[in-house]
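Chains as they are written, first to last, in our numbering: chain A, 4 to 220; chain B, 409 to 644.
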């Protein structure tokens, strides 16, 4: 959707403020939201939570802090998928156990997470529709739901830099419409193609784009 | 569901986080703690989150000790020092650098570093005298967090997300880095599961330094691409 979250290319957001000695979390509750998000035994795709965050009205989106928005995305998805009910959230009291108890993340699993694993040999996917160096155009589409094709690249010509392999398609997955797996490519756009004469002649922007966003050019 | 959780790690590192609008008032670097709006959102989230946590514990969905371990891990164990080790090793070992750029996950594992992010690949992009790389996420806040820790507020801010793609040179100037015209700027907008780590240039006059001393120079900002590594490690 053409929402406030899709802000690449806007120019009126002010200077970039940096904080010296920034803590990892600015309040205890932020760390708890982070941990709840991580440990949540969800079965829905993360893109669904992004959809909920992107659906926050723009003024609120700009006003809310980072972890407040996370809280919205996580809570909405939990309710929608039947993990908790609104009544439970309001009362703070569990009313019914889940029909199928989930696996609960353990401390050992947290520790294992950052241990180096022998990288799994990713199955080499069949090659995609586009090959490196192919000239492509990002489609001029304006989906009303979740998408990873930013507005600033739509209709612009680029070149396939590399093929990252096959991934679920967020535009359908976020809406419960299936994974629709497809190739994701690193696509290089000349800065001048995106922004015109004001951009540096040598500069470029690389985006990772799903095959359905692209057409041959 | 480890696969799902791996995806979530990246995703976690992914969600949007625009700065509060009133945070836009000043360009100055400032010390914490002071006038943050998210700080001024006091009891409401605190109570809501406590209630939510209690509910999820009561429903048998999460374990409190696991939540504590997650907070502790990201507050005390995961941070830029991890990425810095890989960068310093790449500086002293050309063959390793080649492996880090061509097969990052395996190269990181050689140093005992686990990469768990995004549900997709990590790509290491190398800065040279003629190419400068800058990482951003215009749609949200995707970031190589297993290598750098959680992203700073500025990376998640509307100001950075919006301008990093249209005016990267202006953004870099704001960070105190003026690039000559003949240096090519490559901006990486992390729109999918791939995460990007910048391999900064090794500063001059560091030949006598040990690998550990070199690692201490490598900053988070240099690995995002908003700074160079300086011999004193002065820029953050």
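The C-beta atom is built at its ideal place from N, Cα and C for all residues, glycine as well.
Mapping the DSSP letters down to three states, classify residue i as helix, strand or coil.
| i | result |
| --- | --- |
| residue 106 of chain A | coil |
| residue 614 of chain B | coil |
| residue 2 of chain A | Lying outside 4 to 220, the shown extent of chain A, residue 2 of chain A is not represented and no answer is given. |
| residue 218 of chain A | strand |
| residue 183 of chain A | coil |
| residue 68 of chain A | coil |
| residue 605 of chain B | strand |
| residue 139 of chain A | strand |
| residue 85 of chain A | coil |
| residue 520 of chain B | coil |
| residue 168 of chain A | strand |
| residue 207 of chain A | strand |
| residue 23 of chain A | strand |
| residue 14 of chain A | coil |
| residue 133 of chain A | coil |
| residue 621 of chain B | helix |
| residue 42 of chain A | helix |
| residue 47 of chain A | coil |
| residue 432 of chain B | For residue 432 of chain B, the predicted structure reports a pLDDT of 34, less than 50, and the residue's modelled location is therefore unreliable. The matter cannot be settled from this model. |
| residue 152 of chain A | coil |
| residue 510 of chain B | helix |
| residue 557 of chain B | coil |
| residue 458 of chain B | helix |
| residue 35 of chain A | helix |
| residue 572 of chain B | helix |
| residue 505 of chain B | helix |
| residue 639 of chain B | coil |
| residue 482 of chain B | helix |
| residue 441 of chain B | No answer about residue 441 of chain B holds up, because its pLDDT of 44 lies below 50 and its placement is not dependable. |
| residue 600 of chain B | coil |
| residue 450 of chain B | Residue confidence is low: residue 450 of chain B scores 43 on pLDDT, short of 50, so the model does not pin down where it sits. Its coordinate-derived value is still stated next. Note: residue 450 of chain B maps to coil in three-state DSSP. |
Who are residue i's beta bridge partners in DSSP?
| i | result |
| --- | --- |
| residue 163 of chain A | A/190 |
| residue 541 of chain B | B/594 |
| residue 534 of chain B | B/607 |
Would you report the Cα separation of residue i and residue j, rounded to the nearest angstrom?
| i | j | result |
| --- | --- | --- |
| residue 95 of chain A | residue 459 of chain B | 6 Å |
| residue 465 of chain B | residue 76 of chain A | 19 Å |
| residue 147 of chain A | residue 600 of chain B | 19 Å |
| residue 575 of chain B | residue 205 of chain A | 13 Å |
| residue 590 of chain B | residue 53 of chain A | 38 Å |
| residue 100 of chain A | residue 85 of chain A | 11 Å |
| residue 544 of chain B | residue 453 of chain B | 28 Å |
| residue 133 of chain A | residue 161 of chain A | 12 Å |
| residue 194 of chain A | residue 579 of chain B | 15 Å |
| residue 554 of chain B | residue 524 of chain B | 6 Å |
| residue 635 of chain B | residue 92 of chain A | 44 Å |
| residue 116 of chain A | residue 478 of chain B | 10 Å |
| residue 581 of chain B | residue 587 of chain B | 8 Å |
| residue 560 of chain B | residue 613 of chain B | 30 Å |
| residue 570 of chain B | residue 174 of chain A | 22 Å |
| residue 153 of chain A | residue 11 of chain A | 7 Å |
| residue 156 of chain A | residue 145 of chain A | 12 Å |
| residue 503 of chain B | residue 189 of chain A | 25 Å |
| residue 549 of chain B | residue 563 of chain B | 7 Å |
| residue 500 of chain B | residue 619 of chain B | 7 Å |
| residue 128 of chain A | residue 182 of chain A | 16 Å |
| residue 97 of chain A | residue 90 of chain A | 9 Å |
| residue 79 of chain A | residue 472 of chain B | 22 Å |
| residue 2 of chain A | residue 130 of chain A | The question about residue 2 of chain A has no answer here: the residues shown for chain A are numbered 4 through 220. |
| residue 21 of chain A | residue 568 of chain B | 10 Å |
My understanding is that residue i touches residue j, with C-beta atoms under 8 Å, so please give their C-beta distance in whole angstroms.
| i | j | result |
| --- | --- | --- |
| residue 208 of chain A | residue 539 of chain B | That pair is no contact at about 14 Å. |
| residue 602 of chain B | residue 167 of chain A | 6 Å |
| residue 109 of chain A | residue 474 of chain B | 6 Å |
| residue 606 of chain B | residue 533 of chain B | 6 Å |
| residue 512 of chain B | residue 531 of chain B | 7 Å |
| residue 595 of chain B | residue 492 of chain B | Not confirmed; about 22 Å, so no contact. |
| residue 172 of chain A | residue 215 of chain A | 6 Å |
| residue 142 of chain A | residue 522 of chain B | About 37 Å separates the two Cβ atoms, so there is no contact after all. |
| residue 164 of chain A | residue 191 of chain A | 5 Å |
| residue 608 of chain B | residue 557 of chain B | In fact, because the Cβ distance is near 17 Å, the residues do not count as touching under 8 Å. |
| residue 483 of chain B | residue 87 of chain A | Contact flag wrong, Cβ pair sits at about 27 Å. |
| residue 48 of chain A | residue 218 of chain A | At roughly 26 Å, the Cβ-Cβ gap does not stay under 8 Å, so residue 48 of chain A and residue 218 of chain A are not in contact. |
Query - Contact residues within the stretch 598-613 of chain B, judged by C-beta distance below 9 Å to chain A - result: 598, 599, 600, 601, 602, 604
Requested in this report: Taking a Cβ distance cut-off of 8 Å, strictly less, list which residues of the stretch 457-481 of chain B are near chain A, in chain order.
Outcome: 457, 458, 459, 460, 461, 462, 463, 464, 466, 467, 468, 469, 470, 471, 473, 474, 475, 476, 477, 478, 479, 481
Query raised in the report: Quick one, which residues of the stretch 94-124 of chain A are near chain B if we go by CB-CB under 8 Å, in chain order?
Result: 95, 96, 97, 100, 101, 104, 105, 106, 107, 108, 109, 110, 112, 113, 114, 116, 117, 118, 119, 120, 121, 122
Query - Interface residues of the stretch 495-525 of chain B facing chain A [CB-CB below 9 Å] - result: 511, 513, 514, 516, 517, 518, 519, 520, 521, 522, 523, 524
Requested in this report: Anything in the stretch 167-185 of chain A with a Cβ closer than 7 Å to a Cβ of chain B? List those residues in chain order, please.
Outcome: 167, 170
Query - Near-chain A residues of the stretch 536-554 of chain B - C-beta to any C-beta below 7 Å - result: 546, 547, 548, 554
Query raised in the report: In the stretch 67-98 of chain A, which residues sit with their C-beta less than 8 Å from some C-beta in chain B, listed in chain order?
Result: 67, 68, 69, 70, 71, 72, 73, 74, 76, 78, 86, 87, 91, 92, 95, 96, 97
Query raised in the report: Taking any Cβ of chain A, which residues in the stretch 554-569 of chain B have a Cβ under 8 Å from it, in chain order?
Result: 554, 557, 558, 560, 561, 562, 564, 565, 566, 567, 568, 569
Requested in this report: May I ask you to list, following chain order, the residues of the stretch 16-30 of chain A that have a beta carbon less than 8 Å from some beta carbon of chain B?
Outcome: 16, 17, 18, 19, 20, 21, 22, 23, 24, 25, 26, 27, 28, 29, 30
**Report entry** Interfacial residues, the stretch 149-168 of chain A to chain B, with Cβ spacing under 7 Å
**Finding:** 151, 153, 155, 167
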